[in-house]
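One line per chain: the protein sequences are A and B, in this order. Counting from 1, one number per residue, gives the positions in the first sequence under my numbering. Counting from 1001, one number per residue, gives the positions in the second sequence under my numbering. Don't be surprised by glycine CBs; every beta carbon is placed ideally from N, CA and C.
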Amino acid sequence: MAELNTGGKKATPRVDMTPMVDLMFLLVTFFILTTTISTPQAMDIVKPDKDENLKDNKLELKASKTMTILLGKKDKVAWYMGVAGESAPTIESLDQVDKSIIDNRKKADASGVSGDFVVLVKPTTGSTFRNFVDIMDELEILKVKVRQIDDENILDNEKQAMKQQGIL
Amino acid sequence: MPRIKVKRTSTVTDMTAMCDVASLLLTFFILTATARQPEPLTVNTPSSTYEFKVPAENNAILTIGQGKVFFEVAGNKVRERTLELMGEQYKIDFSPLEKQRFSVIGTFGVPLANLKSFIAMSGSDRMKPGVQTGIPTDSTDNQLNSWVLNARKANAEINSQQMRVSIKGDANEEYPVVKKIIDVLQKQKVNKFLLVTNAEAKKK
């Protein structure tokens, strides 16, 4: 009969675990990374109530401390200070508007008029959801406390100015 | 001369213990990870620096993309009760089995008329393109309004808490489409929303 145990020595039952451990840690890392990244974040948004009958539903704003930002096509914005039509809106790219916000806030704070610096965001029909989220995020980063969203009352002269610049 | 024998220690370490720890961790992470629900409508959410997690309870998510709206409310019990209330409102009788099947469906977007046949479908059939056409939001047949209203009622009954409404919009969706949905909610005096976004590193 053939001898099974050809070598005299007994083979050790030890298995090299290194590749297995490598694989395990790879999977662990994968699970750790995917579980934390996939939790979506949320942005808190409050829109003004539409009920006209409510008292105190209209907010008085100081013209010199109000900045209106119109969101238009092609990731462009048009902004102006104060009352619509008094000064021509400045057309800017959305990712550059943060500097203008900081400048305008500084000027408004230096003017000595009482009240908070207010930013009025008006998303028009040309803008995308991303533009809207971006500008709200920018205001949060810059800590602009008083911000209003108004997508109802986009004035005719605002529309006209935007059309001239080709962003509506 | 006597030979000095240097005892060589082996460089092989016992990996068994390390392997045990790794598999323990792996098991833990697999079990705690929530399985991602297949989404009938994939949307690319915009990113923001907000650090606020989307609540897992007391929450309804409206997914907006490609001009369509899909709806999901958190919690199986709330879902069942929402369907019951919808049935009462639209005079459709849902059997207990249908309610039970509906309670495990996540995001969906079918008109009420097709809801019964939709519930009867298998999970993979539901995901086929063309099956889910979105929830009607026209002013004549505003089913989205009813869904949100009934989900709020159901959530108040079961969890006795206010339901939040989250909007998960595609980044490239045009603003008027989103506005239309927000207007529906504002008619119900829901003026606070959560916009679902991706996390983004803070700028300095």
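Closest Cβ-Cβ distance between residue i and chain A: below 8 angstroms?
{"i": "T1137(B)", "result": "no"}
{"i": "E1039(B)", "result": "no"}
{"i": "K1180(B)", "result": "no"}
{"i": "V1054(B)", "result": "yes"}
{"i": "M1018(B)", "result": "yes"}
{"i": "G1169(B)", "result": "yes"}
{"i": "K1204(B)", "result": "Caution is warranted here: a pLDDT of 46 is assigned to K1204(B), below 50, making its placement in the model unreliable, and the coordinate value is therefore given only provisionally. Not an interface residue."}
{"i": "N1191(B)", "result": "yes"}
{"i": "E1084(B)", "result": "no"}
{"i": "N1142(B)", "result": "no"}
{"i": "M1163(B)", "result": "no"}
{"i": "S1048(B)", "result": "yes"}
{"i": "V1069(B)", "result": "no"}
{"i": "Q1100(B)", "result": "no"}
{"i": "V1184(B)", "result": "no"}
{"i": "T1107(B)", "result": "no"}
{"i": "R1152(B)", "result": "no"}
{"i": "S1010(B)", "result": "no"}
{"i": "A1113(B)", "result": "no"}
{"i": "T1045(B)", "result": "yes"}
{"i": "E1174(B)", "result": "yes"}
Measure how close the beta-carbons of residue i and residue j come, nearest whole angstrom, since I'm counting them as under 8 angstroms.
{"i": "E1173(B)", "j": "I1064(B)", "result": "6 angstroms"}
{"i": "P123(A)", "j": "V1196(B)", "result": "Rounded, the Cβ-Cβ distance is 18 angstroms, inconsistent with contact."}
{"i": "L1144(B)", "j": "V1184(B)", "result": "6 angstroms"}
{"i": "V1073(B)", "j": "A1060(B)", "result": "4 angstroms"}
{"i": "V21(A)", "j": "M1018(B)", "result": "5 angstroms"}
{"i": "V1148(B)", "j": "V1131(B)", "result": "Actually they are not in contact, since the Cβ atoms of V1148(B) and V1131(B) sit about 22 angstroms apart, beyond 8 angstroms."}
{"i": "N1058(B)", "j": "N1159(B)", "result": "6 angstroms"}
{"i": "L70(A)", "j": "E158(A)", "result": "6 angstroms"}
{"i": "K62(A)", "j": "G126(A)", "result": "In fact, because the Cβ distance is near 29 angstroms, the residues do not count as touching under 8 angstroms."}
{"i": "T1082(B)", "j": "E1039(B)", "result": "Not a contact, Cβ separation roughly 19 angstroms."}
{"i": "I45(A)", "j": "F1052(B)", "result": "About 11 angstroms; that fails the 8 angstroms criterion."}
{"i": "Y1050(B)", "j": "D109(A)", "result": "Not confirmed; about 25 angstroms, so no contact."}
{"i": "K171(A)", "j": "L168(A)", "result": "Examination of residue 171(A) is not possible in this model, given that chain A is present from 1 through 168 alone."}
Please confirm if residue i has its CB atom under 8 angstroms from at least one CB of chain B.
{"i": "T128(A)", "result": "yes"}
{"i": "F31(A)", "result": "yes"}
{"i": "P123(A)", "result": "yes"}
{"i": "D150(A)", "result": "no"}
{"i": "T18(A)", "result": "yes"}
{"i": "I102(A)", "result": "no"}
{"i": "L139(A)", "result": "no"}
{"i": "Q165(A)", "result": "no"}
{"i": "P40(A)", "result": "yes"}
{"i": "D134(A)", "result": "yes"}
Which residue or residues does DSSP assign as beta-bridge partners of residue i?
{"i": "L71(A)", "result": "V77(A) and P123(A)"}
{"i": "A1060(B)", "result": "V1073(B) and V1165(B)"}
{"i": "R14(A)", "result": "Note: R14(A) sits in no beta bridge, so no partner."}
{"i": "T66(A)", "result": "V118(A)"}
{"i": "R1205(B)", "result": "One cannot answer for residue 1205(B) here, as it falls past the ends of chain B, which runs 1001 to 1204."}
{"i": "I32(A)", "result": "DSSP, once it has assigned bridges, lists no residue as partnering I32(A)."}
{"i": "I149(A)", "result": "V121(A)"}
Could you spell out the range, first to last residue, of the alpha helix (DSSP H) harbouring residue i?
{"i": "V157(A)", "result": "Per the sequence shown, residue 157(A) should be read as Asn rather than Val. Segment D156 to Q164, the alpha helix (DSSP H) holding N157(A)."}
{"i": "V1178(B)", "result": "Y1175 to K1187"}
Considering just the uninterrupted stretch of the beta strand (DSSP E) at residue i, what are its terminal residues?
{"i": "Q1066(B)", "result": "Premise fails: Q1066(B) is in no beta strand (DSSP E) and is neither H nor E."}
{"i": "A42(A)", "result": "Q41 to V46"}
{"i": "V1165(B)", "result": "R1164 to G1169"}
{"i": "V1196(B)", "result": "K1192 to A1199"}
Can we count residue i as close to the ligand MG, meaning its CB is less than 7 angstroms from some heavy atom?
{"i": "V46(A)", "result": "In the structure shown, the ligand MG is absent, as is every other ligand, since no ligand is present at all."}
- Query: Which runs of the alpha helix (DSSP H) fall wholly inside the region 83-145 of chain A and span at least 4 residues, in chain order?
  - Reply: 97-110 and 129-141
- Item | Contiguous alpha helix (DSSP H) assignments of at least 4 residues, all confined to the region 1006-1053 of chain B | Fully contained in the region 1006-1053 of chain B are the following alpha helix (DSSP H) runs of length 4 or more, in chain order: 1016-1032.
- Item | Every unbroken beta strand (DSSP E) within the region 1076-1158 of chain B, with a cutoff of 3 residues, ordered by chain | none
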